[in-house]
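Just so you know, we're using numbering that gives the first Met the number 0 here: the sequence shown kicks off at 0 and counts up by one. Remarks on the structure that follows.
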Amino acid sequence: MQRLAPALRADNVPLDLISLIKTILAATKEISFRVSQAQLGGLMGSTLDENIQGEVQKKLDVVANELFKDILLESGFVKAISSEEEDTSVAGEDNGKFIVSFDPLDGSSNIDINSLIGTIFSIHKAKPELAAGDPDQFKQAGNTQVCAGYVLYGPSTMLVMTTGKGTHFYVLDRTHGGYLLVERNVQVPVDTQEFAINMSNQRFWQAPMQNYINDLLAGDTGPRGKNFNMRWIAAMVGDIHRVLTRGGIFTYPADNKDANKPYKLRLMYEANPMSFLIEQAGGMAMTSEGRIMDMEPSDIHQRVEVIMGSKNEVEHCLSYYKK
Ligand code: AFP
């Protein structure tokens, strides 16, 4: 099995980007260790603080964020970072070539039940004309990402990453301490009979999503003429990993549960990096109005509607919005 750096060099990834990726992965190895020791190290449960999004932070959210932030800022490779757990973007080196957005621990509600969690990251080139502390550094659409990935802290620690040349799976080999390539050019099957959505929000969705899901639930007696299975891990890393592995449609649609918050998932830390991975694997990643990666961001903590996964199923879902 190939090691990470030679695999990236084979894809002609520039050396400075490889160095940054290795820095990010050093942080994930440390987070993976802390996650495995969380109960023993007194890191379960919540802090007394809320993040900028008004969500109570878990102790591990804070530890993972500090680790990730420190390692990135000390590396000298980044001009700025933005994190789901930070109020604003944080300036790095003025001559840093890249900016990194990350969710240090996605799926925090799974921490205390020893279930799937992960780290998501997205890399863009820094804008040389803007200062490191200028938040406009992050006003870049997903279609200009140079790398995106996640690390899943599951039964094995897995890295799923793209630099725009396919989506590849790696596994952390603890015997030598590095990630090994286990599957190149993962492909999301175009058709599926599996969907992922938080059904408890059903009554708050818009009519097109209500109708689409009702038709899936009707199974082989309904208009789709086949049965669908449902899965919900409550961590996008886990749900998207399943979609990349065996297909499916994953959606967090608009809802009217809270008039001030029609969408749940974050564009920069969740939707954009996952869209890049899904599209590079032949899948589709959309809102009900267009391609996620074509959205021009207005704010680092912006939220967005997400419908992604197996191409034919995403198109089918979107057809309900055109009716
Ligand atoms: P956190 O990053 O705050 O843990 O949120 C996880 C998440 O944004 C995403 O990973 C899940 O798909 C989604 O929330 C789960 O949402 P529900 O709470 O509605 O199940």
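Idealized CB from N, CA, C, for every residue including glycine. If you're wondering where the values come from, they're calculated on a predicted model, not measured in any experiment.
Nearest-angstrom Cα separation, counted from S100 out to H240: 20 Å
First through last residue of the alpha helix (DSSP H) which encompasses V34: L14 to S35
Among all the DSSP beta bridges, which residues are the ones paired with K57? S45
Count the CB pairs spanning the stretch 279–296 and the stretch 213–225 that are closer than 8 Å, and state whether there are at least three. no
Burial state of I112 (16 or more Cβ within 10 Å): exposed
When you compare the stretch 124–143 with the stretch 153–162, are there three or more beta-carbon pairs, one atom per stretch, that lie closer than 8 Å? With a cut-off of 8 Å, the stretch 153–162 and the stretch 124–143 do not count as touching, because too few Cβ pairs lie within range.
When you compare only the Cα positions, how much space is there between A147 and I20? One C-alpha to the other measures close to 10 Å.
Residue from L24, A63 and N11 whose Cα sits closest to the Cα of G177: L24
Output the boundary residues of the alpha helix (DSSP H) element that contains H240. From DSSP, the alpha helix (DSSP H) with H240 extends over M235 to R245.
Can you tell which of N311, G163, D93 and L158 has the C-alpha that lies nearest to the C-alpha of Q136? D93
Taking 7 Å as the line, does the beta carbon of K263 fall inside it for any heavy atom of the ligand AFP? yes
Just curious, the beta strand (DSSP E) that S81 is in, first and last residue? For S81, the uninterrupted beta strand (DSSP E) segment begins and ends at V77 to S82.
I'd like the list of long-range same chain contacts for S107, defined as Cβ closer than 6 Å, with 5 residues on each side in sequence excluded. K57 and D60
Would you check if the distance between the CB atom of P103 and the CB atom of N50 is smaller than 8 Å? no
When burial is assigned at 16 or more other CB atoms within 10 Å of the CB, is R245 buried or exposed? exposed
Name the residue from S318, N259, M285 and F97 whose alpha carbon lies nearest to the alpha carbon of P13. Shortest Cα-Cα distance from P13 to any of S318, N259, M285 and F97 involves F97.
Mind listing, in chain order, the continuous beta strand (DSSP E) runs of no fewer than 3 residues lying wholly within the stretch 142–218? 146–152, 156–161, 166–172, 177–182 and 193–195
Specify the secondary structure class of N226 as computed by DSSP and reduced to three states. coil
So does G148 have its beta carbon nearer than 7 Å to some heavy atom of the ligand AFP? no
When the Cβ atoms of the stretch 185–196 are set against those of the stretch 221–233, are three or more pairs found closer than 8 Å? yes
Could you have a look at M267 and say whether DSSP puts it in helix, strand or coil? helix
Do you know offhand how far A234's Cα is from I110's? 10 Å
In the DSSP assignment, what residue or residues form a beta bridge with V89? I80
On the three-state DSSP scale, how would you describe I345? Residue numbering for the chain in the displayed model covers 0 to 322; residue 345 lies beyond these limits and cannot be assessed.
Which of the three DSSP states is assigned to H315 in this structure? helix
Determine the extent of the alpha helix (DSSP H) in which L129 is found, giving its start and end residues. Per DSSP, L129 lies in no alpha helix (DSSP H) segment and is marked neither H nor E.
Let me know if R173 comes out buried or exposed under the rule of 16 or more other beta-carbons within 10 Å of its beta-carbon. exposed
Any chance the CB of D238 is under 7 Å from a heavy atom of the ligand SAH? No copy of the ligand SAH occurs in the structure displayed; its ligands are the ligand AFP alone.
What residue range is occupied by the uninterrupted beta strand (DSSP E) comprising L104? That run of the beta strand (DSSP E) goes F97 to D105.
What residue does the alpha helix (DSSP H) around A4 start on, and which one ends it? Per DSSP, A4 is one residue of the alpha helix (DSSP H) stretching across L3 to A9.
Can you name the residues that DSSP bridges to V62? In the DSSP output, where bridge partners are listed per residue, V62 has none listed.
Assess, as a yes-or-no matter, whether the stretch 252–269 is touched by the stretch 303–315 under the definition of 3 or more beta carbon pairs within less than 8 Å. yes
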